[in-house]
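Encoded as structure tokens, the structure appears first; notes follow it.
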Amino acid sequence: SLQKTGGGRSVSLPIPLNMAPDSVDDMYNGCRQEMSGLVENTYLEEEKKTTTNFNASWTKAEKCARNRTIKDNLQLKHVQAICAYTAGHPTIYKDFNQACFTNKSIYTSAFKFHSLHFLLTEAILLLKQNPDQRSCCTTYRRTNLNFTGEVNKEIRFGSFASSSFLKNLTHFGEKSCFEINTCFGADLKSYPVIGDYEKEVLIPPYEVFNITAVIKKEEVKDLWCDVVYKLQGNKTLSDLNCKMVKSLQIG
Numbered sequence: 403s404l405q406k407t408g409g410g411r412s413v414s415l416p417i418p419l420n421m422a423p424d425s426v427d428d429m430y431n432g433c434r435q436e437m438s439g440l441v442e443n444t445y446l447e448e449e450k451k452t453t454t455n456f457n458a459s460w461t462k463a464e465k466c467a468r469n470r471t472i473k474d475n476l477q478l479k480h481v482q483a484i485c486a487y488t489a490g491h492p493t494i495y496k497d498f499n500q501a502c503f504t505n506k507s508i509y510t511s512a513f514k515f516h517s518l519h520f521l522l523t524e525a526i527l528l529l530k531q532n533p534d535q536r537s538c539c540t541t542y543r544r545t546n547l548n549f550t551g552e553v554n555k556e557i558r559f560g561s562f563a564s565s566s567f568l569k570n571l572t573h574f575g576e577k578s579c580f581e582i583n584t585c586f587g588a589d590l591k592s593y594p595v596i597g598d599y600e601k602e603v604l605i606p607p608y609e610v611f612n613i614t615a616v617i618k619k620e621e622v623k624d625l626w627c628d629v630v631y632k633l634q635g636n637k638t639l640s641d642l643n644c645k646m647v648k649s650l651q652i653g
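403 is the number of the first residue of the sequence shown in the numbering used here; add one for each residue after it.
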């Protein structure tokens with residue numbers, strides 16, 4: 403399911419919307435084949451042994467993936483990654499997103515989620531190749547967190563961000579919400595654990611957005627959230643593009 407944000411963050415401190423400078427934002431442009439081999443031959447087995455909850459999560463996700471009709475250019479492993487990311491139990495998305503948001507400096511040394519990061523990224527890229535995926539689409543993301551951000555500022559989510567074609571998923575929060583025009587996020591269709599019930603569109607860490615408006619409930623009475631940030635996506639930034647693959651080639 404779409405993931406609730408938060409956990410461990412103090413509610414009182416607003417989170418600045420910015421370019422997420424510490425993000426693991428590899429989009430594997432030009433090294434997908436090499437990284438795919440590394441995941442299959444090395445990282446997946448290694449991370450199942452060492453990354454907390456990953457083995458249980460990956461095993462459970464296999465059952466979910468085998469229950470799906472797999473098309474859209476995807477393979478079982480991509481659907482398994484979507485299942486693992488969207489599963490409620492065992493929950494790994496919190497640890498995973500925190501790592502994606504903060505682990506830039508240790509990406510080539512101690513990052514614990516190479517498999518999931520690569521397979522989710524590749525799943526998004528493969529899904530986007532299908533003719534039924536709109537080139538850009540409007541989605542909504544609700545949170546119970548406080549953010550700060552100014553109009554005309556460029557930002558990134560910096561980790562994988564769940565959003566939805568549906569505006570009314572209020573159980574995800576009513577504090578800070580986003581109306582997003584994403585051009586690099588992919589419609590996950592019926593691949594998530596609960597199917598297409600939440601109409602999920604997954605946005606990658608490397609998509610750059612411009613804040614085009616900040617609307618507050620005190621100004622607009624029947625606003626759907628306390629604060630709504632309107633975001634317009636149109637480009638990507640991947641500081642770490644292929645850095646993992648290159649670091650191994652040099653070594």
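Ideal placement from N, C-alpha and C gives every residue a C-beta, glycine not left out.
Check whether residue i and residue j have beta carbons under 9 Å apart
i: K462; j: H491; result: yes
i: L547; j: F580; result: no
i: S640; j: D427; result: yes
i: F586; j: I652; result: no
i: A576; j: C627; result: The residue asked about is misnamed: residue 576 is Glu in this sequence, not Ala. A contact, by the Cβ cut-off of 9 Å.
i: T638; j: I582; result: no
i: Y631; j: F549; result: yes
i: L419; j: I613; result: yes
i: T488; j: E620; result: no
i: F456; j: E449; result: yes
i: R558; j: A467; result: no
i: D424; j: T545; result: no
i: D474; j: N431; result: no
i: L521; j: A483; result: yes
Spatial neighbours of residue i in its chain, beta-carbon cut-off 6 Å, leaving aside the 5 residues before and after
i: N499; result: S561
i: T444; result: none
i: C433; result: C644, V647
Alpha-carbon to alpha-carbon, residue j and residue i
i: P594; j: L528; result: 16 Å
i: S649; j: F567; result: 39 Å
i: N554; j: E447; result: 44 Å
i: E442; j: D497; result: 22 Å
i: M429; j: V629; result: 31 Å
i: G597; j: S511; result: 36 Å
i: Q477; j: T452; result: 25 Å
i: L518; j: L415; result: 30 Å
i: K623; j: L571; result: 19 Å
i: R470; j: H480; result: 12 Å
i: I494; j: E436; result: 25 Å
i: S438; j: E556; result: 31 Å
i: Q535; j: H516; result: 26 Å
i: A486; j: S578; result: 26 Å
7 Å CB neighbourhood of residue i in its chain, flanking five on each side removed
i: A563; result: R543, I605
i: N636; result: C585
i: K569; result: Y542, W626
i: T454; result: D497
Close beta carbons around residue i, own chain, < 8 Å, minus the five adjacent residues each side
i: F458; result: In the sequence as presented, Phe is not what sits at residue 458; that position holds Ala. Around A458: P492.
Buried versus exposed call for residue i [16 or more other C-beta atoms within 10 Å across all chains shown]
i: H573; result: exposed
i: T584; result: buried
i: S537; result: exposed
i: V610; result: buried
i: D589; result: buried
i: A615; result: exposed
i: S507; result: exposed
i: E552; result: exposed
i: L642; result: buried
i: S592; result: exposed
DSSP bridge partner residues for residue i (one or two, in chain order)
i: V610; result: K637
i: C661; result: Outside the modelled stretch of the chain, which goes from 403 to 653, sits residue 661, for which no answer is possible.
i: P418; result: T550
i: R544; result: C579
i: A615; result: K632
i: V603; result: S565, D589
i: C539; result: T584
i: I557; result: F611
Check: residue i C-beta below 8 Å from any heavy atom of the ligand NAP
i: I582; result: With respect to the ligand NAP, the structure offers nothing, as it holds no ligand at all.
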